[in-house]
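So for the sequence shown, UniProt numbering puts the first residue at 1; every next one is plus one. Worksheet: the structure to be examined is printed underneath.
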Amino acid sequence: MQHLSVSQYLRNHIRTVPDWPAPGVQFRDITPLLQDAKVFRVLIDAFVHRYMDKDMRPDVVAGLDARGFILGSVVAYELNVGFVPIRKKGKLPFTTVEETYELEYGSATVELHTDAVKAGDRVLLIDDLIATGGTMMAGKKLLERQGAIVMEGAAIVDLPELGGSQKLKEGGLSLFTLLDFAGH
Numbered sequence: 001m002q003h004l005s006v007s008q009y010l011r012n013h014i015r016t017v018p019d020w021p022a023p024g025v026q027f028r029d030i031t032p033l034l035q036d037a038k039v040f041r042v043l044i045d046a047f048v049h050r051y052m053d054k055d056m057r058p059d060v061v062a063g064l065d066a067r068g069f070i071l072g073s074v075v076a077y078e079l080n081v082g083f084v085p086i087r088k089k090g091k092l093p094f095t096t097v098e099e100t101y102e103l104e105y106g107s108a109t110v111e112l113h114t115d116a117v118k119a120g121d122r123v124l125l126i127d128d129l130i131a132t133g134g135t136m137m138a139g140k141k142l143l144e145r146q147g148a149i150v151m152e153g154a155a156i157v158d159l160p161e162l163g164g165s166q167k168l169k170e171g172g173l174s175l176f177t178l179l180d181f182a183g184h
C-alpha cells in the first residue's frame, strides 16, 4: 500500500462542491475533515506538531469566524495555550476593536475583545482557508493594534490563484498551509 503524505491524505478528504455559493465557484468543503475522528486527528496533529516546539509555540491562538474557531480552539487546547475568537461585527458582548476590509462585492467587519490579548503576546492566527486574504489580514491588524505579535497565519487550504497568500506575505504575515488547490 502506498504511503500518502499528510497533505495528500487531507486533500483526499476535502469535498469540492461545484457552483456553490455561486455559478463558477469550486467550493472547497473542509467539513469531511471534521466528521471522521481519525482524519480530524491527523489534521489537528499537523498544526500541533508545527507549533509545539518552544521557538514556534504561541502564547495564544486566535481563530477567525467561524471555521477558524473549530481549528483554533482544538489546537490551542493541545498546545495548552488560550484561544481568542475574532468574530463578525456585533457578535462579541464586551468592548471591542474592529477592522473593516473589502470583499469582492462590498465590505465586512471583524471584531476582537479589547482584553483578548496582551502587548507582546505571540499569536498564531488560524482559519480554514486562504482565498483573498482579507479576513486574515483584518485579524492581523486587530491583534497588532492591541500590541500582540502575530507570529504566523495558518490554514488548511490555500487558493493561490485568488492572490490572498501573496497579499498576506506582502503584508508581513508568514504563512503555513497544509495544501493548496488550483482554481477557485
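We put the CB at the ideal spot given by N, CA and C, even for glycine.
Taking Cβ to Cβ, would you say residue i is nearer than 8 Å to residue j?
i	j	result
D128	V157	yes
L112	E152	no
V60	D121	yes
L64	T135	yes
G164	I130	yes
V7	L179	The sequence given here places Ser at residue 7; Val does not occur at that position. Yes; because the gap between Cβ atoms is below 8 Å, this pair is in contact.
F181	R41	no
A148	V117	yes
L142	E99	yes
For residue i, report the span of its alpha helix (DSSP H) as first-last.
i	result
S73	67 to 79
L159	Premise fails: L159 is in no alpha helix (DSSP H) and is neither H nor E.
I44	37 to 51
L173	Note, L173: premise wrong, no alpha helix (DSSP H); not H, not E.
Determine the DSSP secondary structure at residue i, reduced to helix, strand or coil.
i	result
S107	strand
I149	strand
L179	strand
M1	Any reading at M1 must be qualified, since the residue scores a pLDDT of 44, below 50, and its modelled position is unreliable; the value itself is stated next. In the structure shown, M1 sits in coil (DSSP, three-state: anything other than H, G, I, E or B).
L92	coil
residue 185	In this structure the chain extends from 1 to 184, so residue 185 is not present and cannot be described.
G134	helix
P85	strand
Hey, out of the options, whose CA is closest to residue i's CA?
i	options	result
D115	K88, G133, R145	R145
D53	L79, R87, S73, P21	L79
F94	I86, Y101, K38	I86
E139	A131, Y101, Q166, K118	Just to set this straight, residue 139 is Gly in the shown sequence, not Glu. G139 has its Cα closest to that of Y101, out of A131, Y101, Q166, K118.
L168	G147, K118, I126	I126
G133	G147, A148, V117, A155	A155
L33	Q166, L43, V97	L43
G68	V39, M56, F47	F47
K38	Y9, H3, R28, V25	Y9
Y51	D36, T31, Q35, V74	V74
K88	A66, P23, Y77	A66
D36	N12, G90, T16, A22	N12
Between which two residues does the beta strand (DSSP E) holding residue i run?
i	result
R11	No beta strand (DSSP E) contains R11, which is instead part of the alpha helix (DSSP H) from 6 to 11.
G63	60 to 64
I126	122 to 130
R28	26 to 29
V17	15 to 18
Within the chosen definition, does the region 162 to 174 reach the region 88 to 105 through at least 3 CB pairs nearer than 8 Å? Too few Cβ pairs lie closer than 8 Å, so no.
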